[in-house]
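Below you'll find the structure, written out as structure tokens, and then a few comments.
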Amino acid sequence: MTRRRTGRTAVVVVLLAAGALLVTSGLRGTLTYYRTPGEVLRDPDAARERVRLGGDVVPGSLRRDGDLVVFRLAEGGQAITVEQRGAPPGTFREGEGAIVEGTLSTDGTFRSDHVVVRHGNEYRPSTSPVEPVDAR
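As numbered in our numbering, residues 41 to 176 make up the sequence shown, in order.
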């Protein structure tokens, strides 16, 4: 009887391990972290892999030339020039946070093919005054 129980336990352990392996391999591609400009600049392997780069768009750095958009992303005192082909989202602005996906070229320019605007989790009411409604 103990031999059967040991066999069943072994089968259950193998099935659980296989299930855990499937779940972790499935989640591996869905976890999306971004790296700061300083992290990307310090990593010698950054030019070899596709990364997500996050930071604030430096005021005064945004230039448009046809379908090429050039700007600088900065965070923690480090900045990287980003070249993006195509129009970024309508909410993309200088001084706001953004995350770009792409590769770092050998000249230190980040070539992006996707821009996402970062949104904070704070609610700030509009700064424009609201006229009270007269309830007569």
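By construction, the Cβ of each residue, glycine as well, lies at the ideal position given by its N, Cα and C atoms. In this text the structure is predicted, and so the values were computed from the model without any measurement.
Requested in this report: Round the Cβ separation of GLU123 and THR143 to the nearest angstrom and send it over; I've been treating them as touching at under 8 Å.
Outcome: Here residue 123 refers to the residue found at position 83 of the sequence shown. Here residue 143 refers to the residue found at position 103 of the sequence shown. Not really, about 11 Å apart at Cβ, beyond 8 Å.
Report task. Assuming GLY100 contacts GLU136 (C-beta within less than 8 Å), just tell me the rounded distance between them. Result -> Position 60 of the sequence shown, counted from the first residue, corresponds to residue 100. Position 96 of the sequence shown, counted from the first residue, corresponds to residue 136. About 14 Å separates the two Cβ atoms, so there is no contact after all.
Query raised in the report: With DSSP run on the structure shown, which of helix, strand or coil describes GLY142?
Result: Numbered from its first residue, the sequence shown carries residue 142 at position 102. Strand at GLY142.
Query raised in the report: Helix or strand or just coil, what does DSSP make of VAL122?
Result: For the purposes of this step, residue 122 is identified with residue 82 of the sequence shown, where counting begins at 1. For VAL122, the three-state secondary structure derived from DSSP is strand.
Report task. Check whether the segment 85 to 101 touches the segment 51 to 64, taking contact to mean three or more Cβ pairs, one atom from each stretch, closer than 8 Å. Result -> As far as the Cβ criterion goes, the segment 85 to 101 does not touch the segment 51 to 64, which means the pair count is below three.
Query raised in the report: By DSSP, does GLU79 sit in helix, in strand, or in coil?
Result: The residue you call residue 79 lines up with position 39 of the sequence shown. Judged by DSSP in its simplified three-state form, GLU79 adopts helix.
Query raised in the report: What residues in its chain sit with their C-beta under 7 Å from that of VAL155, if we drop five residues either side in the sequence?
Result: Locating residue 155 in the sequence shown gives position 115, where the first residue counts as 1. Annotation for VAL155: GLN124, PRO128, PRO129, PHE132, ALA138 and VAL140 place their beta carbon closer than 7 Å to its own, counting only its chain and skipping 5 residues before and after.
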